[in-house]
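For reference, the structure is listed below as structure tokens.
There are 2 protein chains.
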Amino acid sequence: MALSIFDLECLHVALQEARKSYEEGGVPVGSAMSYQEHLIASGHNQRVQQDDPIAHGEMDCIRRAGRRPHYNGVTLYTTLSPCMMCSGTIVQFGIKRVVIGENRNFEGNIDFLRRNGVEVELVNDPECIELMDHFIREQPHLWNEDIAVTE
Amino acid sequence: MALSIFDLECLHVALQEARKSYEEGGVPVGSAMSYQEHLIASGHNQRVQQDDPIAHGEMDCIRRAGRRPHYNGVTLYTTLSPCMMCSGTIVQFGIKRVVIGENRNFEGNIDFLRRNGVEVELVNDPECIELMDHFIREQPHLWNEDIAVTE
Chain A
8 MALSIFDLEC
18 LHVALQEARK
28 SYEEGGVPVG
38 SAMSYQEHLI
48 ASGHNQRVQQ
58 DDPIAHGEMD
68 CIRRAGRRPH
78 YNGVTLYTTL
88 SPCMMCSGTI
98 VQFGIKRVVI
108 GENRNFEGNI
118 DFLRRNGVEV
128 ELVNDPECIE
138 LMDHFIREQP
148 HLWNEDIAVT
158 E
Chain B
8 MALSIFDLEC
18 LHVALQEARK
28 SYEEGGVPVG
38 SAMSYQEHLI
48 ASGHNQRVQQ
58 DDPIAHGEMD
68 CIRRAGRRPH
78 YNGVTLYTTL
88 SPCMMCSGTI
98 VQFGIKRVVI
108 GENRNFEGNI
118 DFLRRNGVEV
128 ELVNDPECIE
138 LMDHFIREQP
148 HLWNEDIAVT
158 E
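Chains as they are written, first to last, in the numbering used here: chain A, 8 to 158; chain B, 8 to 158.
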């Protein structure tokens, strides 16, 4: 299934979440979730805001979506290519479709997702790229902490 | 590095966390974390207690350990073999050693962990096995929800 206008709207919600996180002094990665073409949740990285190392944007969004019996029919949107924590979560929970804002600033695990049957749409949106690039230059230590890269 | 008495003490802390979760009506998986032979955190599954689908035992423990610049020198203890979410998290955060209570009730992703350079010690402790086996028989729907198995 190719990208739809609805997909781009949901990705824009994720970008707004990322910008909100940036304004809060946090890591600017945002996420949104749709179910059968309805937006049902959004969230953003909470490492700084909630002192929570596991709350990457995707994880916060999945948490905010609440308990679900399954994730059939769900698409997850994220401004940045998912790390191994978030990719493992997508596979474990059976989320079958992921729309990714960009993978220029962080490669992530797109091959892993596809090998595990996840349909991945990569947009490489200029606004997503610019926000993350700006943040990484501004706060390299915080970014390295978020992905646990030893400096 | 083989299992030490300290490792077994930490696994016992994880088992106590799992029992606490069971008593709270939750999924009985517990976890603990050590750093250079000191216990630094423990936690348990919070799906029911906090309505939090991402708070598996290992994730709750990592969250309770707080923000860290890196995970060198950390060992993670868990009563049950880690699912793909928790395994992905272990790899992303660079946790290099994991002690697993049992994998009889849930196989988990031990091969994935080892392929990614994680040292895995599998105990198959009778008390860990019995607690999880009892729970799965008692609450199969809740267990399936926790690992997102469609019924």
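Virtual Cβ for every residue (Gly too), placed ideally from N, Cα, C.
Practice problem: In angstroms with no decimal places, state the Cα-to-Cα distance between ARG121/A and SER94/A. | Solution: When the Cα atoms are used, ARG121/A and SER94/A turn out to be separated by approximately 10 angstroms.
Quiz item: When the Cβ atoms of the stretch 46–62 of chain B are set against those of the stretch 13–22 of chain B, are three or more pairs found closer than 8 angstroms?
Solution: yes
Quiz item: Curious, which full-length alpha helix (DSSP H) runs of at least 4 residues does the stretch 33–120 of chain B contain?
Solution: 64–71 and 91–99
Self-check item: CB-CB length for VAL81/A against LEU10/A, believed under 8 angstroms
Solution: About 16 angstroms separates the beta carbon of VAL81/A from that of LEU10/A, a gap too long to meet the 8 angstroms contact definition.
Exercise. State the Cα-Cα distance for the pair ALA25/A and PHE100/B, rounded to the nearest angstrom.
Key: 22 angstroms
Quiz item: Is there at least one Cβ from chain B nearer than 8 angstroms to TYR78/A's Cβ?
Solution: With 8 angstroms as the cut-off, TYR78/A counts as an interface residue toward chain B.
Quiz item: Interface residues of chain A around MET91/B at Cβ under 7 angstroms?
Solution: GLY95, VAL98 and GLN99
Quiz item: Once you ignore the five residues that flank GLN53/A on each side, which residues in its own chain have a CB closer than 6 angstroms to its CB?
Solution: ASP59, ALA62 and ASP67
Quiz prompt | Neighbourhood of ARG104/A by C-beta, 6 angstroms cutoff - its chain only, sequence neighbours within 5 removed | solution = THR82 and GLU126
Quiz item: What residues in its chain sit with their C-beta under 8 angstroms from that of ILE154/A, if we drop five residues either side in the sequence?
Solution: CYS90 and PHE113
Quiz item: Between which two residues does the beta strand (DSSP E) containing LEU10/A stretch?
Solution: Premise fails: LEU10/A is in no beta strand (DSSP E) and is neither H nor E.
Quiz item: Considering only residues of the same chain and omitting the five flanking positions on each side of ASN110/B, which have a CB-CB separation below 8 angstroms?
Solution: LEU87, SER88, ILE117, LEU129 and ASN131
Quiz item: Name the DSSP bridge partner or partners of GLU128/B?
Solution: VAL106/B
Practice problem: Pull up the CB-CB distance for GLN57/A and GLU31/A, whole angstroms please, since I reckon it's below 8 angstroms. | Solution: Going by Cβ atoms, the distance from GLN57/A to GLU31/A rounds to 10 angstroms, so no, they are not a contact pair.
Practice problem: Would you check if the distance between the CB atom of LEU138/B and the CB atom of TYR29/B is smaller than 8 angstroms? | Solution: yes
Quiz item: Quick one: is GLY161/B near chain A, going by C-beta distance under 8 angstroms?
Solution: Nothing about residue 161/B can be read from this structure; chain B reaches only from 8 to 158.
Quiz item: Distance, Cα to Cα, ARG75/A vs GLU152/B?
Solution: 7 angstroms
Quiz item: Roughly how far, in whole angstroms, is the beta-carbon of GLU145/A from the beta-carbon of THR96/A, given that I think they are within contact range, below 8 angstroms?
Solution: Not quite, the Cβ-Cβ distance comes to about 28 angstroms (not below 8 angstroms), so this is no contact.
Self-check item: 8 angstroms Cβ cutoff, ARG54/B in contact with chain A
Solution: So yes, ARG54/B belongs to the interface.
Exercise. Mind listing the chain B neighbours of ILE154/A? Cutoff is C-beta to C-beta under 8 angstroms, in chain order.
Key: Around ILE154/A, the beta-carbon contacts reaching into chain B at under 8 angstroms are GLN99.
Quiz item: Using a Cβ-Cβ cut-off of 6 angstroms (strictly less than) and excluding sequence neighbours within five positions of ILE102/A, which residues of its own chain qualify?
Solution: TYR78, VAL81 and LEU83
Quiz prompt | Contact belief for VAL34/B with THR85/B at Cβ below 8 angstroms, rounded distance in angstroms | solution = Actually they are not in contact, since the Cβ atoms of VAL34/B and THR85/B sit about 12 angstroms apart, beyond 8 angstroms.
Quiz item: Rounded to a whole number of angstroms, what is the C-alpha to C-alpha distance between ARG71/A and ASP140/A?
Solution: 27 angstroms
Practice problem: Please classify GLN23/B: does DSSP put it in a helix, a strand, or coil? | Solution: helix
Practice problem: Taking only beta-carbon positions, decide if ARG104/B is within less than 8 angstroms of chain A. | Solution: no
Quiz prompt | Positions along the stretch 57–70 of chain A whose CB lies within less than 7 angstroms of some CB in chain B | solution = ASP58, ASP59, PRO60, ILE61, MET66, ILE69 and ARG70
Quiz prompt | Test item: CB-CB of GLY115/B and CYS135/B under 8 angstroms | solution = no
Quiz item: Hey, is THR82/A's beta-carbon within less than 8 angstroms of any beta-carbon in chain B?
Solution: no
Self-check item: Alpha carbon of VAL98/A to alpha carbon of HIS148/B, nearest angstrom
Solution: 20 angstroms
Quiz item: Using a Cβ-Cβ cut-off of 8 angstroms (strictly less than) and excluding sequence neighbours within five positions of MET92/B, which residues of its own chain qualify?
Solution: ILE61, HIS63 and MET66
Self-check item: 8 angstroms CB neighbourhood of ILE143/A in its chain, flanking five on each side removed
Solution: ASN112 and TRP150
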